[in-house]
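Working notes for the structure below.
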Amino acid sequence: MSDSTFRQTGGASAPLGTSDDLDLSEARDWIALLKPRVMSLVVFSGLVGLLVAPGGIHPVLAVTAILCVAVAAGASGAINMWYDRDIDAIMRRTANRPIPAGRIRPQAALSFGVFLAVASVVMMGLATNMVAAAVLAGSIAFYVFIYTMWLKRRTPQNIVIGGAAGAFPPMIGWAAVTGHVSIEALVMFAIIFVWTPPHFWALSLYASGDYQRAGVPMLPVVSGAKETRRQIWLYSLLLVPVSLAPTVIGMSGLAYGGAALVLGGFFLHYMWRVKRDEQDEAGVSRSNDAPARAAFRFSILYLFALFTALAADKLVFGA
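In our numbering, the protein residues as written are 1197 to 1515.
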């Protein structure tokens, strides 16, 4: 990464800014490696897993456990950016990431990610228990080796199988408190696992050109927009009953069940709009991408709201 403080503008050298400006810009790049927007949802679902788990944990250890989840998620993101730097440089959506833009050296990003990954697992084991540390290590390994290095460039089912990587955090939070993984933790895992395909395929519908240029076999690229919309709808239909599983098994009460039904109704509404988006005979959308964009944004809000309801049902109503 260049540390030059000048750039050429109109044939004359102009200062980029003060050293403080450069330091702040570099710090932002290192933070960007951690994929903070993705991290926020990971941390929140891990926190909910910790809050709804039976038993108790010291507040300091709870904060440490959630910090470990955040650091592990960031480490996975950094390693992912290191590995995907070639296709990131091709796609408009990712071309300005720190590595393809030349602001951070690939080897430095890899070292950064590996250090954070190891540190997060070791700290989790020391602060909580070895089960939580093992599940945390498994989540990192799954995202890096199974999704990033194996599935992403080989199969349109990359998101379906790879979605497991993002479903680990509530299990980790649960294990940090209880020292084991039970059916309740697996139910939270299942909700995120089933939610991931419609969430990410909605994004892939309006970013399919990027994936096609980069040679990534996302479902819209391989099977077309029409089939992608059909798959989004099928997974959305499956998500609603899966989201009710906490109430069915007695993990939560009717307050959560009612919230899950209402949120599920809204989720189906947004995904039905995607399903009904106009198609031409080749399966290519003839409308704008507004329904897919709206569905993608709402899907994030949906998961936040659903897990908030799960935590509230435990903390407020004592389910």
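Ideal placement from N, C-alpha and C gives every residue a C-beta, glycine not left out.
- If you look at Trp1397, you'll find it in the alpha helix (DSSP H) that goes Ile1379 to Tyr1402.
- Val1248 counts as buried, since no fewer than 16 other beta carbons sit within 10 angstroms of its beta carbon.
- Using a Cβ distance threshold of 9 Å, Ala1261 and Ala1372 count as a contacting pair.
- Judged by DSSP in its simplified three-state form, Asp1485 adopts coil rather than helix or strand.
- By the criterion of a C-beta distance shorter than 6 Å, Ile1336 is surrounded in its chain by Ala1268, Ser1272 and Ala1313, once the five residues flanking it on both sides are discounted.
- The segment 1457 to 1466 makes no contact with the segment 1371 to 1385, as fewer than three CB pairs between them are under 8 Å.
- A Cβ-Cβ contact shorter than 9 Å links Ala1305 with Ile1275.
- Taking every protein chain shown into account, the CB of Asn1354 has 16 or more other CB atoms within 10 angstroms, so this residue is buried.
- With three or more CB-CB distances shorter than 8 Å, the segment 1399 to 1411 counts as touching the segment 1483 to 1498.
- Counting along the chain, Tyr1452 sits inside the alpha helix (DSSP H) bounded by residues Leu1450 to Lys1471.
- In the structure shown, Leu1332 falls within a helical segment according to DSSP collapsed to helix, strand and coil.
- Taking all protein chains shown into account, Arg1425 has 16 or more neighbouring C-beta atoms within 10 Å of its C-beta and is therefore buried.
- If only complete runs of 4 or more residues are kept, the segment 1314 to 1366 shows the alpha helix (DSSP H) at 1326 to 1337, 1354 to 1358 and 1360 to 1363, in order along the chain.
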